[in-house]
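In terms of our numbering, the sequence shown opens at residue 379 and continues consecutively. Have a look at the structure below before the remarks.
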Amino acid sequence: MKILSLSNCPLVESQGSGYVALNFIRGLRALGHEVDAFGPEDFEWLPWLRRGKNWRLAFGLAWCAFRKLREKNYAVVEFYGGHAWLAAAVLNLIPNRRFLMVNHSNGLEPYCEEVKAQFLGESRHQPAPVHWAYSKVDAIVTVSEDERRFVLRAKLQDAGHVVAFENALPDTFLNLPVESHRPPVILYCGSWLPRKGVAMLKAAMPEMLREFPEYQFRLVGVGQAFRKQDHFPPDVCDRIEVVPFVSDKLELRRQYQSARIVVVPSIYESFGLVTAEAMACGCAVVTTDIGFGADLKSGVEAVVISGRSSPVLCQALKTLLPNGARRFAIARRGHARVQRLQWKPAIAGLERAYTGWLRERQELTDAPALVQAR
Numbered sequence: 379m380k381i382l383s384l385s386n387c388p389l390v391e392s393q394g395s396g397y398v399a400l401n402f403i404r405g406l407r408a409l410g411h412e413v414d415a416f417g418p419e420d421f422e423w424l425p426w427l428r429r430g431k432n433w434r435l436a437f438g439l440a441w442c443a444f445r446k447l448r449e450k451n452y453a454v455v456e457f458y459g460g461h462a463w464l465a466a467a468v469l470n471l472i473p474n475r476r477f478l479m480v481n482h483s484n485g486l487e488p489y490c491e492e493v494k495a496q497f498l499g500e501s502r503h504q505p506a507p508v509h510w511a512y513s514k515v516d517a518i519v520t521v522s523e524d525e526r527r528f529v530l531r532a533k534l535q536d537a538g539h540v541v542a543f544e545n546a547l548p549d550t551f552l553n554l555p556v557e558s559h560r561p562p563v564i565l566y567c568g569s570w571l572p573r574k575g576v577a578m579l580k581a582a583m584p585e586m587l588r589e590f591p592e593y594q595f596r597l598v599g600v601g602q603a604f605r606k607q608d609h610f611p612p613d614v615c616d617r618i619e620v621v622p623f624v625s626d627k628l629e630l631r632r633q634y635q636s637a638r639i640v641v642v643p644s645i646y647e648s649f650g651l652v653t654a655e656a657m658a659c660g661c662a663v664v665t666t667d668i669g670f671g672a673d674l675k676s677g678v679e680a681v682v683i684s685g686r687s688s689p690v691l692c693q694a695l696k697t698l699l700p701n702g703a704r705r706f707a708i709a710r711r712g713h714a715r716v717q718r719l720q721w722k723p724a725i726a727g728l729e730r731a732y733t734g735w736l737r738e739r740q741e742l743t744d745a746p747a748l749v750q751a752r
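In structure tokens:
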């Protein structure tokens, strides 16, 4: 198959969405498919401007799609992200279109807006018809069963035209040992953003550090501008370590392996790669019921919380902090759960899905011509 892949996120390994897109692209190429991939660095209009980025990305992506389709006869046009709304809407109008259009979601914006409205009180208004990126294509690929269920609930596609492939892990994160003796460290890894649930951390962690004085709290990947004094009271700051940025996967693995517990209090995640990575590294994980976390067995593979408040987070942590046996049991079962997150079966599944949907698309296109010929 000749595949045109257009991503609204930079195609770089160090970013979660870029890591996923690049690995699927490489995997499809390894299976013999011709994949031409482009990111925002290739098509964003007037990138030096500070305003209107979402509109500039949408129009740039659409223009790139139209131009590339004139240059080559693609079998599949694959979009990553909601900025494809304009391209999907216009390409969907082409009569007797034979190429397949798929949104390989790196996060469903309508779902994100719904959750943020529920838990953060943010407006659900979207400045553009982003839902077209999902309703005007032929099929959707999501990165979690949680996202797939939202697609069906929102009636963006029917059950035959949405499939979930959980994000896979690098080989260097698989088959690692699970060690029971680790430093007493609680770790958070990610950007310091409201949708990451940082308000819960700001309220809960001082209480936990005071109640369990043997523990340290480590923040990884929060950025160079982060100052712990701006977010936490002075009496606990000396037990909070900040690692602003980690770009090397081996160093990231070392960070996980030097922690007992990883906390992922996200308001929204499409998947939640940190959860899977931490489980692979033998950490006991406390996570919210979103993305990958929504389908974990609570109290077995992780501690999964449904609320988005600091008391709920504190209660979850208190089930693990003083109880080494329970913590280690959850870490072992969580570790076993993520061993199936491998690229080879995910890429093979994506190839099967694309092949089946493409056949269906072309049969629909050919049917009117056959009727007319008769």
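By construction, the Cβ of each residue, glycine as well, lies at the ideal position given by its N, Cα and C atoms. All values derive from a computational prediction rather than experimental measurement.
Pair within 9 Å by beta-carbon distance, residue i and residue j
i	j	result
Phe437	Val454	no
Ala546	Phe457	no
Gln783	Pro622	The structure shown does not extend to residue 783, since the chain spans only 379 to 752, so no value can be given for it.
Ala656	Ala637	yes
Leu565	Cys692	no
Ser569	Val600	yes
Asp524	Ala709	no
Leu384	Ala462	yes
Pro584	Val614	yes
Leu579	Gln717	no
Met479	Thr733	no
Thr743	Asn484	no
Asn481	Ala467	no
Leu695	Ala582	yes
Residue(s) in a DSSP beta bridge with residue i
i	result
Ser676	Ala680
Gln594	Val563
Ser385	Tyr458
Thr520	Ala542
Glu412	Lys380
Distance, residue j Cα to residue i Cα
i	j	result
Arg739	His539	11 Å
Phe649	Ile725	17 Å
Leu736	Ser513	17 Å
Pro425	Arg434	8 Å
Tyr646	Ser687	14 Å
Thr697	Phe670	21 Å
Ala616	Arg596	It should be pointed out that residue 616 corresponds to Asp in this sequence rather than to Ala. So the two alpha carbons sit approximately 11 Å from each other.
Gly396	Phe416	11 Å
Leu651	Asp608	27 Å
Gln720	Pro612	43 Å
Glu491	Ala658	30 Å
Phe590	Pro555	27 Å
Leu389	Glu592	41 Å
Arg407	Leu382	12 Å
Asp667	Val682	6 Å
Pro700	Val413	51 Å
Glu500	Trp441	32 Å
Lys494	Gly685	13 Å
Leu587	Val641	14 Å
Leu486	Leu400	19 Å
Ile618	Gln633	14 Å
Residue i, enclosing beta strand (DSSP E) - first and last residue
i	result
Asn481	Leu478 to His482
Tyr566	Val563 to Cys567
Glu419	First-last for Glu419: Pro418 to Phe421, but that is the alpha helix (DSSP H), not the beta strand (DSSP E).
Glu619	Ile618 to Val621
Thr666	Ala662 to Thr666
Val624	Careful: Val624 lies outside any beta strand (DSSP E) and carries neither H nor E.
Val642	Ile639 to Val642
The alpha helix (DSSP H) enclosing residue i, as first and last residue numbers
i	result
Val398	Gly394 to Ala408
Glu585	Val576 to Glu589
Asn708	Reading off the sequence shown, one finds Ile at residue 708, where the question assumed Asn. Segment Gly702 to Val716, the alpha helix (DSSP H) holding Ile708.
Lys431	Lys431 to Glu449
Lys696	Ser688 to Lys696
Thr653	Leu651 to Ala658
Gln496	Glu487 to Phe497
Cβ neighbour criterion (16 or more within 10 Å) applied to residue i
i	result
Gln535	buried
Lys533	exposed
Glu422	buried
His559	exposed
Phe444	exposed
Asp516	buried
Ala751	Any reading at Ala751 needs caution, since the residue's pLDDT is 42, under 50, leaving its predicted position unreliable; the model's value is listed next. Label assigned to Ala751: exposed.
Pro418	buried
Ile639	buried
Ser522	buried
Lys574	buried
Val576	buried
Pro572	exposed
Ile518	buried
Thr348	Nothing in the structure corresponds to residue 348, since the chain is present only between 379 and 752.
Asn451	exposed
Ser392	exposed
Arg526	buried
Arg715	buried
Pro488	buried
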